[in-house]
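Participant: A single structure is presented below for examination.
There are 2 protein chains.
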Amino acid sequence: MSSLEPDQRRAALLRALHDVVGAAQVRDDASTLERYARSTAARGTRPVALVTPGSEAEVVALVKLAAAHAIPLCPVSTGKNWGYGDACAVGDGQLVVELSRMNRILQVDAELAYAVIEPGVTQQQLSDYLREHGLPLWMDCTGAGPDTSLMGNILERGFGHSPYGNRLQHVSGMQIVLASGDVLHTGFGHYPQARTTHLFPYGVGPFLDGMFTQSNFGIVTRIGLWLMPQAACVNHFLCSVERHEQVGALVERLRPLRLDGTLRSIVHIGNDLRVISGGAVFPRALAEGQSCLPDALRAQLRARAGVGAWTVSGALYGSAAQVAAARAALRAALKGSGASARFLTERKLRLGALLGRMLGQSAAGQRLRAQVAVGQSLFAMNRGTPNGRFLAGAYWRRRAGLPAGFPHGADPARDNCGLLWVSPILPMRGADVLAVHALVEPLFRQHRFDLFVTFSMINERALGGVITVAYDKEDPDEVERARRCYRACFDALMQAGYLPYRVGNQSMADLDPDADVYWQTVAGIKAALDPAGLIAPGRYEPARAGAAVKDADSSGL
Amino acid sequence: MSSLEPDQRRAALLRALHDVVGAAQVRDDASTLERYARSTAARGTRPVALVTPGSEAEVVALVKLAAAHAIPLCPVSTGKNWGYGDACAVGDGQLVVELSRMNRILQVDAELAYAVIEPGVTQQQLSDYLREHGLPLWMDCTGAGPDTSLMGNILERGFGHSPYGNRLQHVSGMQIVLASGDVLHTGFGHYPQARTTHLFPYGVGPFLDGMFTQSNFGIVTRIGLWLMPQAACVNHFLCSVERHEQVGALVERLRPLRLDGTLRSIVHIGNDLRVISGGAVFPRALAEGQSCLPDALRAQLRARAGVGAWTVSGALYGSAAQVAAARAALRAALKGSGASARFLTERKLRLGALLGRMLGQSAAGQRLRAQVAVGQSLFAMNRGTPNGRFLAGAYWRRRAGLPAGFPHGADPARDNCGLLWVSPILPMRGADVLAVHALVEPLFRQHRFDLFVTFSMINERALGGVITVAYDKEDPDEVERARRCYRACFDALMQAGYLPYRVGNQSMADLDPDADVYWQTVAGIKAALDPAGLIAPGRYEPARAGAAVKDADSSGL
Numbered sequence: 004m005s006s007l008e009p010d011q012r013r014a015a016l017l018r019a020l021h022d023v024v025g026a027a028q029v030r031d032d033a034s035t036l037e038r039y040a041r042s043t044a045a046r047g048t049r050p051v052a053l054v055t056p057g058s059e060a061e062v063v064a065l066v067k068l069a070a071a072h073a074i075p076l077c078p079v080s081t082g083k084n085w086g087y088g089d090a091c092a093v094g095d096g097q098l099v100v101e102l103s104r105m106n107r108i109l110q111v112d113a114e115l116a117y118a119v120i121e122p123g124v125t126q127q128q129l130s131d132y133l134r135e136h137g138l139p140l141w142m143d144c145t146g147a148g149p150d151t152s153l154m155g156n157i158l159e160r161g162f163g164h165s166p167y168g169n170r171l172q173h174v175s176g177m178q179i180v181l182a183s184g185d186v187l188h189t190g191f192g193h194y195p196q197a198r199t200t201h202l203f204p205y206g207v208g209p210f211l212d213g214m215f216t217q218s219n220f221g222i223v224t225r226i227g228l229w230l231m232p233q234a235a236c237v238n239h240f241l242c243s244v245e246r247h248e249q250v251g252a253l254v255e256r257l258r259p260l261r262l263d264g265t266l267r268s269i270v271h272i273g274n275d276l277r278v279i280s281g282g283a284v285f286p287r288a289l290a291e292g293q294s295c296l297p298d299a300l301r302a303q304l305r306a307r308a309g310v311g312a313w314t315v316s317g318a319l320y321g322s323a324a325q326v327a328a329a330r331a332a333l334r335a336a337l338k339g340s341g342a343s344a345r346f347l348t349e350r351k352l353r354l355g356a357l358l359g360r361m362l363g364q365s366a367a368g369q370r371l372r373a374q375v376a377v378g379q380s381l382f383a384m385n386r387g388t389p390n391g392r393f394l395a396g397a398y399w400r401r402r403a404g405l406p407a408g409f410p411h412g413a414d415p416a417r418d419n420c421g422l423l424w425v426s427p428i429l430p431m432r433g434a435d436v437l438a439v440h441a442l443v444e445p446l447f448r449q450h451r452f453d454l455f456v457t458f459s460m461i462n463e464r465a466l467g468g469v470i471t472v473a474y475d476k477e478d479p480d481e482v483e484r485a486r487r488c489y490r491a492c493f494d495a496l497m498q499a500g501y502l503p504y505r506v507g508n509q510s511m512a513d514l515d516p517d518a519d520v521y522w523q524t525v526a527g528i529k530a531a532l533d534p535a536g537l538i539a540p541g542r543y544e545p546a547r548a549g550a551a552v553k554d555a556d557s558s559g560l
Numbered sequence: 004m005s006s007l008e009p010d011q012r013r014a015a016l017l018r019a020l021h022d023v024v025g026a027a028q029v030r031d032d033a034s035t036l037e038r039y040a041r042s043t044a045a046r047g048t049r050p051v052a053l054v055t056p057g058s059e060a061e062v063v064a065l066v067k068l069a070a071a072h073a074i075p076l077c078p079v080s081t082g083k084n085w086g087y088g089d090a091c092a093v094g095d096g097q098l099v100v101e102l103s104r105m106n107r108i109l110q111v112d113a114e115l116a117y118a119v120i121e122p123g124v125t126q127q128q129l130s131d132y133l134r135e136h137g138l139p140l141w142m143d144c145t146g147a148g149p150d151t152s153l154m155g156n157i158l159e160r161g162f163g164h165s166p167y168g169n170r171l172q173h174v175s176g177m178q179i180v181l182a183s184g185d186v187l188h189t190g191f192g193h194y195p196q197a198r199t200t201h202l203f204p205y206g207v208g209p210f211l212d213g214m215f216t217q218s219n220f221g222i223v224t225r226i227g228l229w230l231m232p233q234a235a236c237v238n239h240f241l242c243s244v245e246r247h248e249q250v251g252a253l254v255e256r257l258r259p260l261r262l263d264g265t266l267r268s269i270v271h272i273g274n275d276l277r278v279i280s281g282g283a284v285f286p287r288a289l290a291e292g293q294s295c296l297p298d299a300l301r302a303q304l305r306a307r308a309g310v311g312a313w314t315v316s317g318a319l320y321g322s323a324a325q326v327a328a329a330r331a332a333l334r335a336a337l338k339g340s341g342a343s344a345r346f347l348t349e350r351k352l353r354l355g356a357l358l359g360r361m362l363g364q365s366a367a368g369q370r371l372r373a374q375v376a377v378g379q380s381l382f383a384m385n386r387g388t389p390n391g392r393f394l395a396g397a398y399w400r401r402r403a404g405l406p407a408g409f410p411h412g413a414d415p416a417r418d419n420c421g422l423l424w425v426s427p428i429l430p431m432r433g434a435d436v437l438a439v440h441a442l443v444e445p446l447f448r449q450h451r452f453d454l455f456v457t458f459s460m461i462n463e464r465a466l467g468g469v470i471t472v473a474y475d476k477e478d479p480d481e482v483e484r485a486r487r488c489y490r491a492c493f494d495a496l497m498q499a500g501y502l503p504y505r506v507g508n509q510s511m512a513d514l515d516p517d518a519d520v521y522w523q524t525v526a527g528i529k530a531a532l533d534p535a536g537l538i539a540p541g542r543y544e545p546a547r548a549g550a551a552v553k554d555a556d557s558s559g560l
């Protein structure tokens, strides 16, 4: 249809979209386009329109329509991939296919502990469902907030908080719309009589699920997600070291416990600012026009929050006896390290809440109530009840501060937060934590930003670093500094072999500097499954990541 | 080169092979061809020659040579895929590429607990290496015997005995020779500077590892394999139920413990014959010409072995306190079930061995010594020391009985054992165990074979069934009955939705009765990666599984 004029092409596309999903589910008004072009990065990309299909059959029809109209599709679940590109496509001019209306919880099996969900199912929704139905199951949840898609995070290979926090290992049986319009069922799912599609992920023959994560090979419309049986006992533990250098030894002491299965959940090791930013924004009034905290102020905030340079946060699950054994192992491991674990139990939290109320409006009462509130949020997260509180860091440099009602309905992209994440993977060793910190800390200082960093024990051998560049989007100079700071960190870490586990749209093109065999292979598979390159061109597809922009520019839409 | 005469083609191929690997590593003498055509199935397939490359570079050269000579390659690790096709290709006339000489242990990291190994590394070899170097690590091992390849089993998605028994979840970073001759490094391995290739499997971008298991997309030449830190305490547990029907309730009681992580290792639930066959073959003299045990004799053997209808076998790992907590949970779960867990500890085994020696040649002494020997083998397996003892079942119907020196050097294919495995996956529910048993038991009876069956808790939600057809290969009638029995079981289970986790060559063509989208997708990827179809044609490639035979027949080699 490329011989038609742009306006005609556009009109034909919209008519065709109306036929597929109904006019109400297609939007190309200025405000919608503006909304979907929003990004916590310096600039987002502009879609040609937004379409919100309500079923897999409509997704199939959209894929066929995309081929007929030569229009690239950008599938998103709920479009809340904040800090990694949000709802934006890699290039301008793509048709955003938001799957938020496909939000059915199709099945929950209490006995074998799994759910089958669609892309629009949010963390809050599944959590509510389990509670309302009185099911003895917990899901894993992330700190990304209640309204984010479970599937969207999993397909980006996000990680959570619980023993099921290595999320991809807890998926079994996907359903995927391919560019051809065919629907692929993975695992055993392609055998209609299968009984174990959601119980045994591998099926028979090549195991394909991994291919459809961080990829643009298809549009996933359904997954089986494993849930945890509720544990009789949960203890949250926190421990803190005073000085920065001590974090190395701390990691060395904790690693054996993660390796041997004593610590089965994702353990998070965050710096002071991760805690400080948990309920506060940058104190502009006190910072004398600077964009990062003066040392003295930082020390003051650290003291007020009662934390050291680094804080470890994790949870123990099991029977009372199992948790007691794990507590003993943890105590023994930390003995003599200068760090000691504090254990939060439900009982302690109830007592703390009571005491906090009794202390009234005194400073001590306020501090205790704040601590109890954090403890309660952590406890809730451990049990799969999501909480927006942990999004506060995204608002650090926002001039208007935290929005009214925060954390309810938090949305960093809508709220014009400046947020970029650099997410290197490192060996689970103290020396590597110190090395990564030493690499990025001077870059943050040079670009005048506060360094927020968490290292999470995402499996038994590796740490996932999440380094936040939080910046003021209303200050063009700061936007540019943020972009440079991100880029400097990304490059330095990449060069040093601390590669990212996940990247935002701005870095897709940089993933393949050497035109290597891996990316050639990925391109070969893409060509086989989607020869016209219509599904999310450029997404984890370095060679096309630049070209997608050009194509869109020349499409005239 | 197809215009040449067969003899000329063959001669040219052999010359080219000599150039690549040297004459000593190419064999096409009658005895070699005979050896590599051996199978525990009714009949194997005949290779055109055997080549044993010594390096990845030679594998690359072989792949290019295969393209030039249009000769299909059948890569095998050590060629001991007994009961599933052994070293045989799916079709005749393929060039068997055995990677047994590529047996380097390239790296072992004691701190982060992993090894990097080549395809030829055997279970015994890695186990010895860890012991000899005094490394505080255990590998997961299978019952397939000391001389089998670790990688070969993992690429077929075999499972083991320990907390690392879900083997594919413990692989990170593969190296793969593609049909193009390119070498693909998965995970982060394609970035030369990567530090976490063997610590974080996913890398960035589509996660491809699963694609290269149960597939013919490439020749894997290297993997990173995670090892367990040695546990301070291991207890093996055994429990048994008297009557068949009780196994359902037993599974129901154990499932919650597997689901909640109390039982972290693979738990095996075997029927009486699994235990009885552990050190004995079919008692022909007592069975009055029958090919399966008369009921009275079976009852007698069961009593002599001191087992009930079903026996559960598993292990607990951890600190003394953690193991004690798990023991308590296991005891509580079994209370009132009629089954009670017996725990084997190292101390008990030492005492038993002492007592066994003291009892001398008495019947009690012999029985105790036999029990201690089994216990020691189980303990060794839990700690990654392989043992051929568990191969005894393959010899059940062999006329000559167990070979001299058994289990040392056991090799069911060489020893002309008749052995076929049917391996359905079922939900981890008592009802499904009883249903699968009720499906296959009458088929075994009808075909006059003893039913050997194990259900293994291969993950938290599914059981992997291993059903053995052990038959006398010297009796043509029994060979035919075995083939029919296998086929009847395979079909019945497939139809009932209990799909196989793995199949032998004889069933590759039957995996895709409906020409479904999954297998079309697999074929599309194969066409992209190996357009000439030269790597293992027919292997987990149903459409080509029949054609491979025809191609080979018409190649004239």
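If you're matching them up, the sequences are chains A and B in order. Take any residue in the first sequence, count from 1 to its spot, add 3: that is its number in the numbering used here. Take any residue in the second sequence, count from 1 to its spot, add 3: that is its number in the numbering used here. We put the beta carbon where it would ideally sit given N, CA and C, even for glycine.
1. Just tell me which of B:Ala-331, B:Val-482, B:Gly-408 and B:Gly-321 has its CA closest to the CA of Ala-324 of chain A.
2. For Cys-77 of chain A versus Met-384 of chain A, is the C-beta spacing smaller than 7 Å?
3. If we count the other Cβ atoms within 10 Å of its Cβ and call it buried at 16 or more, is Gln-178 of chain A buried or exposed?
4. Have a look at Gly-282 of chain A and Val-377 of chain A and give me their C-alpha separation to the nearest angstrom.
5. Tell me Met-177 of chain B's beta-bridge partners as DSSP assigns them.
6. Which of helix, strand or coil does DSSP assign to Tyr-521 of chain B?
7. Taking only the alpha-carbon atoms, compute the straight-line gap between Val-443 of chain B and Cys-492 of chain B and give it to the nearest angstrom.
8. Kindly indicate which residue of B:Pro-204, B:Ala-118 and B:Thr-224 has the alpha-carbon position closest to the one of Met-105 of chain B.
9. If you draw a straight line from the C-alpha of Ser-322 of chain A to the C-alpha of Leu-257 of chain B, how long is it?
10. Can you list, in chain order, the stretches of the beta strand (DSSP E) that have 3 or more residues and sit fully within the stretch 439–483 of chain A?
11. Among A:Thr-35, A:Tyr-489 and A:Ala-197, whose alpha-carbon lies nearest the alpha-carbon of Gly-473 of chain A?
12. List the whole-angstrom C-beta distance separating Val-153 of chain A from Leu-228 of chain A, where the pair is believed to meet the contact cut-off of C-beta under 8 Å.
13. Locate the beta strand (DSSP E) running through Gly-317 of chain B, then write down its first and last residues.
14. Measuring from the CB of Asp-89 of chain B, is there a heavy atom of the ligand GDP at a distance below 6 Å?
15. Is DSSP giving Thr-200 of chain B helix, strand or coil here?
16. Restricting to Cα atoms, I'd like to know which of B:Gln-196, B:Gly-206, B:Val-180 and B:Gly-184 is closest to Val-174 of chain B.
17. Looking at the unbroken beta strand (DSSP E) that takes in His-239 of chain B, where does it start and where does it end?
18. Assign Leu-423 of chain B to buried or exposed, taking buried as 16 or more other Cβ atoms, counted over all protein chains shown, within 10 Å of its Cβ.
19. Could you check which residue in B:Val-111, B:Glu-481 and B:Val-124 has the C-alpha nearest to that of Gln-293 of chain B?
20. Let me see if you follow: with CB-CB separation under 7 Å, is Ile-538 of chain B close to chain A or not?
21. Which class does Phe-393 of chain B belong to by DSSP, given the choice of helix, strand or coil?
22. Rounded to the nearest angstrom, what separates Leu-537 of chain B and Lys-83 of chain B at their Cα positions?
23. Quick check: is the beta carbon of Ile-470 of chain A nearer than 7 Å to any beta carbon in chain B?
24. Alpha helix (DSSP H) containing Gly-213 of chain A: first to last residue?
25. When you compare each of B:Ser-80, B:Phe-240, B:Ala-302 and B:Leu-405 to Thr-125 of chain B by their alpha carbons, which one comes out closest?
26. The alpha helix (DSSP H) with Val-186 of chain B in it runs from where to where?
27. Should Arg-267 of chain A go down as buried or exposed, given a rule of 16 or more other Cβ atoms within 10 Å for buried?
28. How far does the beta strand (DSSP E) with Leu-429 of chain B in it reach, from first residue to last?
29. Taking DSSP's pairing of strands, which residues face Glu-101 of chain A in a bridge?
Facilitator: Concretely, from the data shown:
1. Taking the first residue of the first sequence as 1, we reach residue 324 of chain A at position 321. It is B:Ala-331.
2. In the first sequence, residue 77 of chain A corresponds to position 74, counting from 1. In the first sequence, residue 384 of chain A corresponds to position 381, counting from 1. Cβ distance not < 7 Å, so Cys-77 of chain A and Met-384 of chain A don't count as in contact.
3. Against the first sequence, residue 178 of chain A aligns to sequence position 175. If you draw a 10 Å sphere on the C-beta of Gln-178 of chain A, you find 16 or more other C-beta atoms in it, and that means buried.
4. For the purposes of this step, residue 282 of chain A is taken as residue 279 along the first sequence, with counting starting at 1. For the purposes of this step, residue 377 of chain A is taken as residue 374 along the first sequence, with counting starting at 1. Each residue's Cα considered, the two are about 9 Å apart.
5. One-based indexing of the second sequence puts residue 177 of chain B at position 174. Looking at the DSSP assignment, Met-177 of chain B forms a beta bridge with B:Ile-226.
6. Stepping through the second sequence from its first residue, residue 521 of chain B is reached at position 518. Tyr-521 of chain B: helix per DSSP, three-state reduction.
7. Within the second sequence, numbered from 1, the residue matching residue 443 of chain B stands at position 440. Within the second sequence, numbered from 1, the residue matching residue 492 of chain B stands at position 489. When rounded, the distance between both Cα atoms is 6 Å.
8. Position 102 of the second sequence, counting from 1, holds the residue named residue 105 of chain B. Of B:Pro-204, B:Ala-118 and B:Thr-224, the residue nearest in Cα terms is B:Thr-224.
9. The sequence position of residue 322 of chain A within the first sequence is 319, counting from 1. The sequence position of residue 257 of chain B within the second sequence is 254, counting from 1. Their Cα atoms are separated by approximately 15 Å.
10. If we require 3 residues or more, the beta strand (DSSP E) runs fully inside the stretch 439–483 of chain A come out as 455–460 and 465–474.
11. For the purposes of this step, residue 473 of chain A is identified with residue 470 of the first sequence, where counting begins at 1. Residue identity differs from the one stated: residue 473 of chain A is Ala in this sequence, not Gly. Comparing alpha-carbon positions, the option among A:Thr-35, A:Tyr-489 and A:Ala-197 lying closest to Ala-473 of chain A turns out to be A:Tyr-489.
12. Here residue 153 of chain A refers to the residue found at position 150 when the first sequence is read from its first residue. Here residue 228 of chain A refers to the residue found at position 225 when the first sequence is read from its first residue. Residue identity check: residue 153 of chain A is Leu in the sequence provided, not Val. Going by Cβ atoms, the distance from Leu-153 of chain A to Leu-228 of chain A rounds to 7 Å, so yes, they are a contact pair.
13. Taking the second sequence and counting its residues from 1, the one referred to as residue 317 of chain B is at position 314. In the DSSP annotation of this structure, the continuous segment of the beta strand (DSSP E) that includes Gly-317 of chain B starts and ends at 313–321.
14. Absence of the ligand GDP from the depicted structure is noted, as is the absence of any ligand whatsoever, leaving it without description.
15. Your numbering for residue 200 of chain B matches position 197 in the second sequence. Note: Thr-200 of chain B maps to coil in three-state DSSP.
16. Reading the second sequence from its first residue, position 171 is the one you call residue 174 of chain B. For Val-174 of chain B, the nearest C-alpha among the options comes from B:Gly-206.
17. Taking the first residue of the second sequence as 1, we reach residue 239 of chain B at position 236. Here the beta strand (DSSP E) through His-239 of chain B covers 236–244.
18. Here residue 423 of chain B is taken as the residue at index 420 of the second sequence, counted from 1. Under a 10 Å Cβ-count criterion, Leu-423 of chain B is classified as buried, with 16 or more other Cβ atoms of the shown protein chains found around its own Cβ.
19. Taking the first residue of the second sequence as position 1, residue 293 of chain B is located at position 290. Ranked by how close their Cα comes to the Cα of Gln-293 of chain B, the residues B:Val-111, B:Glu-481 and B:Val-124 have B:Glu-481 in first place.
20. Against the second sequence, residue 538 of chain B aligns to sequence position 535. Contacts with chain A at 7 Å (Cβ-Cβ) do not include Ile-538 of chain B.
21. Translated into positions along the second sequence, residue 393 of chain B becomes position 390. Phe-393 of chain B sits in a helix when the DSSP states are folded into three classes.
22. As a working note, residue 537 of chain B is residue 534 in the second sequence. As a working note, residue 83 of chain B is residue 80 in the second sequence. Rounded to whole angstroms, Leu-537 of chain B to Lys-83 of chain B spans 22 Å at the Cα level.
23. As a first step, residue 470 of chain A is located in the first sequence; it is residue number 467 there, counting from the start. For Ile-470 of chain A, the closest Cβ of chain B is not nearer than 7 Å.
24. Taking the first residue of the first sequence as position 1, residue 213 of chain A is located at position 210. It is not in any alpha helix (DSSP H) - Gly-213 of chain A carries neither H nor E in the DSSP assignment.
25. Here residue 125 of chain B refers to the residue found at position 122 of the second sequence. For Thr-125 of chain B, the nearest C-alpha among the options comes from B:Ser-80.
26. Within the second sequence, the letter at position 183 stands for residue 186 of chain B. Per DSSP, Val-186 of chain B lies in no alpha helix (DSSP H); the unbroken beta strand (DSSP E) holding it starts and ends at 186–188.
27. Your numbering for residue 267 of chain A matches position 264 in the first sequence. Within a 10 Å sphere around the beta-carbon of Arg-267 of chain A sit 16 or more other beta-carbons, which makes this residue buried.
28. In the second sequence, counting from the first residue as 1, residue 429 of chain B sits at position 426. From DSSP, the beta strand (DSSP E) with Leu-429 of chain B extends over 428–430.
29. In the first sequence, the residue the question calls residue 101 of chain A occupies position 98. The partner list for Glu-101 of chain A (beta bridge, DSSP) reads A:Val-79.
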